[in-house]
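Colleague: Protein chains in written order, with the working numbering: chain A, 846 to 1110; chain B, 846 to 1110. Virtual Cβ for every residue (Gly too), placed ideally from N, Cα, C. Source: prediction; values computed, not measured. Dropping a structure here in structure tokens format, bear with me for questions.
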DNA sequence: ACACAATGTCTCATATACAAGACAATGCAG
DNA sequence: CTGCATTGTCTTGTATATGAGACATTGTGT
């Protein structure tokens, strides 16, 4: 095992750590962290130390590592700066209260699908996906809506082959997938059952930016055996909500456009 | 101007960038960012590029830098992992709805006071402090409560001299400040007027962890001319809420204690 | 039109952060 | 107890990221 000389930068390691914690969703020992990232222990000790000092990471009393207070504050600043997330979030909470269903705000991040915000429903139906975890786009109804603005070619380039394989082993045909994208886009609603989870139906509708490009979806996660009439009703709710947010977004961007890059008073 | 050779690490620069954005609360051009941090432009370009790739930062169409989607997700993960913030936040929202007042959850971060979460009141009373910004501890009612668990010596060591100078130029006597801390601690309520802002009264009560150490406060920001009876009423609300959260926190930590370092299922 | 400032992209050297590994101190299983 | 694994701390050499600066573009004011 000679030197293949492939050093990583501190920043690269730091990003890896944050990404790993985001996927893991629970504190890790520093040793385990180094092992998981296949990084030298000494480097991780040093980097964790520095990030902990900035409160980006936090060490509990057993020296287990997790996100620190600072990231929460940063996240809050991001939220305040993003009308999409702020408005979408409020609408998700409202919809969830109104319908009693588990409701989510979904977006694309780095060629993956992710739940930006989730509000559990009144019923005890279990939560199928956690906020922040990255999931292959073809596994989701929302994914089909979110690709609406892209050409066939762009879609093919974006999605790696392995993402077409569902958790149950079934494989989606890319051509068929693109047809579903076009379909979803046409009516701005999408319904899928049994993709990421066999007993769950996902109902979704897209939110558009000022260029009419889909930027997020609002969706319900309901049991697969929900009556069709109920599903249709929920889809109408979603579409209305999504349109409402799209509109608010439009007026928000108009205001921002006039003021230019906004500045604090 | 010869070389004084004081290089900074990438991580150090990255932390500086995040901290600066948190204080600024609006996007910055990369050039301005470098200037503000007194860092070489080329370094900042490179580091911003890498952080943007990880979506920790985001560049808008004018290449202005701000927090990216990833920090929001990380912040959400932090929130989920912290009963204090999660519970405190819910209680702030409830209190704000119930009383119509501007309500905040406050904590200490790195020897400063900060608003972890804020909910505006029904009235049009203006917001005096933004979430995430670091403020000298002596400027706030909450700060007095949050130091309750420390010795005189620890308090003196924690607070730099310049933090005793109020925005209006008045200087607080450290000994007097410590007396106020002891006072606040005794009744677990604190009221201050005209510290950070001449026309604002801050009403606060502390939340305690399982060791009975203050870890946060819930507080109202009300106009200074609010009738005293109303203030007393609000203080009772605060104390009740704070106690409720402290209790929830206690049972939460009991459960965590049994399970040890929690792990995902 | 001009001058001047700021932006984004490069190249290169050298100060230094990372990686390897040694070490003592715990922890834990049998 | 003994043996083996893990943790946290430290030291040291060298691969390389940072910082200085040059450059072509683009913006801005007069």
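Below 8 Å on the Cβ atoms is my contact criterion, and I expect residue 928 (chain B) with residue 990 (chain B) to pass it. Report the Cβ-Cβ distance as a whole number of Å.
Modeller: Contact flag wrong, Cβ pair sits at about 20 Å.
Colleague: Starting from residue 1021 (chain B) and walking both ways along the alpha helix (DSSP H), at which residues does that stretch end?
Modeller: Element bounds for residue 1021 (chain B): 1019 to 1032.
Colleague: Between residue 1108 (chain A) and residue 1030 (chain B), what straight-line distance do the alpha-carbon atoms span, to the nearest angstrom?
Modeller: With a pLDDT of 35 at residue 1108 (chain A), under the threshold of 50, the modelled position of that residue is not reliable, and the figure given next carries that caveat. Straight-line Cα distance between these residues: approximately 39 Å.
Colleague: Helix, strand or coil: which one does DSSP assign to residue 917 (chain A)?
Modeller: In the structure shown, residue 917 (chain A) sits in a helix (DSSP, three-state: H, G or I).
Colleague: So is residue 922 (chain B) in contact with chain A if we call contact Cβ pairs under 8 Å?
Modeller: By this cut-off, residue 922 (chain B) is an interface position.
Colleague: How close, in whole Å, do the beta carbons of residue 870 (chain A) and residue 922 (chain B) come, if the pair is a contact with beta carbons under 8 Å?
Modeller: Yes, they are in contact, since the Cβ atoms of residue 870 (chain A) and residue 922 (chain B) sit about 6 Å apart, within 8 Å.
Colleague: Could you give the uninterrupted runs of the beta strand (DSSP E) lying entirely in the stretch 886 to 963 of chain A, keeping only those of 3 residues or more?
Modeller: Runs found: 902 to 904, 909 to 912 and 947 to 954.
Colleague: Could you tell me the boundaries of the beta strand (DSSP E) in which residue 1036 (chain B) lies?
Modeller: That run of the beta strand (DSSP E) goes 1035 to 1038.
Colleague: Are residue 1041 (chain B) and residue 959 (chain B) close, meaning C-beta to C-beta below 8 Å?
Modeller: Taking 8 Å as the Cβ cut-off, residue 1041 (chain B) and residue 959 (chain B) do not qualify as a contacting pair.
Colleague: Using a Cβ-Cβ distance under 8 Å, would residue 912 (chain A) count as near chain B?
Modeller: Chain B, which has a Cβ nearer than 8 Å to the Cβ of residue 912 (chain A), makes this yes.
Colleague: For residue 918 (chain B), does the count of other Cβ atoms within 10 angstroms reach 16, so buried, or fall short, so exposed?
Modeller: With 16 or more Cβ atoms within 10 Å of its Cβ, residue 918 (chain B) is classed as buried.
Colleague: Report buried or exposed for residue 1062 (chain B), applying the criterion of at least 16 other Cβ atoms within 10 angstroms of its Cβ.
Modeller: Counting Cβ neighbours within 10 Å, residue 1062 (chain B) comes out buried, since at least 16 surround it.
Colleague: If the criterion is Cβ atoms closer than 8 Å, does the pair residue 1017 (chain B) and residue 983 (chain B) meet it?
Modeller: In contact: residue 1017 (chain B) and residue 983 (chain B) (Cβ atoms closer than 8 Å).
Colleague: Tell me which residue opens and which closes the beta strand (DSSP E) that residue 853 (chain B) is part of.
Modeller: Unbroken run through residue 853 (chain B): none, as it is neither H nor E.
Colleague: So with CB distances below 9 Å, who are the chain B contacts of residue 1039 (chain A)?
Modeller: Chain B residues near residue 1039 (chain A): none, gap ~22 Å exceeds 9 Å.
Colleague: Since I believe residue 889 (chain B) is in contact with residue 904 (chain B) (beta carbons under 8 Å), could you give me their beta-carbon distance rounded to a whole number of angstroms?
Modeller: Not a contact, Cβ separation roughly 12 Å.
Colleague: Residue 1068 (chain A) by DSSP, collapsed to three states: which one?
Modeller: In this structure, residue 1068 (chain A) counts as strand in the three-state DSSP scheme.
Colleague: Can you give the Cα-Cα distance for residue 961 (chain B) and residue 858 (chain A), rounded to whole angstroms?
Modeller: So the alpha carbons of these two residues sit roughly 28 Å apart.
Colleague: So for residue 874 (chain B), helix, strand or coil by DSSP?
Modeller: Reduced to three states, the DSSP call for residue 874 (chain B) is strand.
Colleague: What does the Cβ neighbour count give for residue 1005 (chain B), buried or exposed, with the cut at 16 atoms within 10 Å?
Modeller: When all chains shown are included, residue 1005 (chain B) counts as exposed.
Colleague: Is the beta carbon of residue 934 (chain A) less than 8 Å from the beta carbon of residue 925 (chain A)?
Modeller: Contact flag unset, no.
Colleague: If you measure between the beta carbons of residue 900 (chain B) and residue 920 (chain B), is that distance less than 8 Å?
Modeller: In this structure, residue 920 (chain B) does not lie closer than 8 Å to residue 900 (chain B) by Cβ.
Colleague: In whole angstroms, give me the CA-to-CA distance for residue 1056 (chain A) and residue 895 (chain B).
Modeller: Straight-line Cα distance between these residues: approximately 27 Å.
Colleague: Using only alpha-carbon positions, find the residue among A:949, A:941 and A:992 that is nearest to residue 957 (chain A).
Modeller: It is A:992 whose Cα lies nearest to the Cα of residue 957 (chain A).
Colleague: Check distances from the C-beta atoms of the stretch 994 to 1017 of chain A to those of chain B and list, in chain order, the residues that come in under 7 Å.
Modeller: Taking 7 Å as the Cβ-Cβ cut-off against chain B, none of the residues of the stretch 994 to 1017 of chain A qualify.
Colleague: Using three-state DSSP, classify residue 1108 (chain B) as helix, strand or coil.
Modeller: Residue placement at residue 1108 (chain B) is flagged as unreliable, the pLDDT there being 35, under the threshold of 50; the coordinate-derived value follows with that caveat. Residue state, collapsed to three classes: coil.
Colleague: Using a Cβ cut-off of 8 Å (strictly closer), state whether residue 966 (chain A) contacts chain B.
Modeller: Residue 966 (chain A) does not count as touching chain B.
Colleague: Given that residue 882 (chain B) touches chain A, what residues does it touch there, using C-beta distances under 8 Å?
Modeller: Per Cβ cutoff of 8 Å: no residues; residue 882 (chain B) is ~14 Å from chain A at best.
Colleague: Determine the DSSP secondary structure at residue 979 (chain A), reduced to helix, strand or coil.
Modeller: It is a strand residue.
Colleague: Mapping the DSSP letters down to three states, classify residue 1048 (chain A) as helix, strand or coil.
Modeller: Correct three-state label for residue 1048 (chain A): strand.
Colleague: Using a Cβ-Cβ distance cut-off of 8 Å, determine whether residue 892 (chain A) contacts chain B.
Modeller: Closer than 8 Å: yes.
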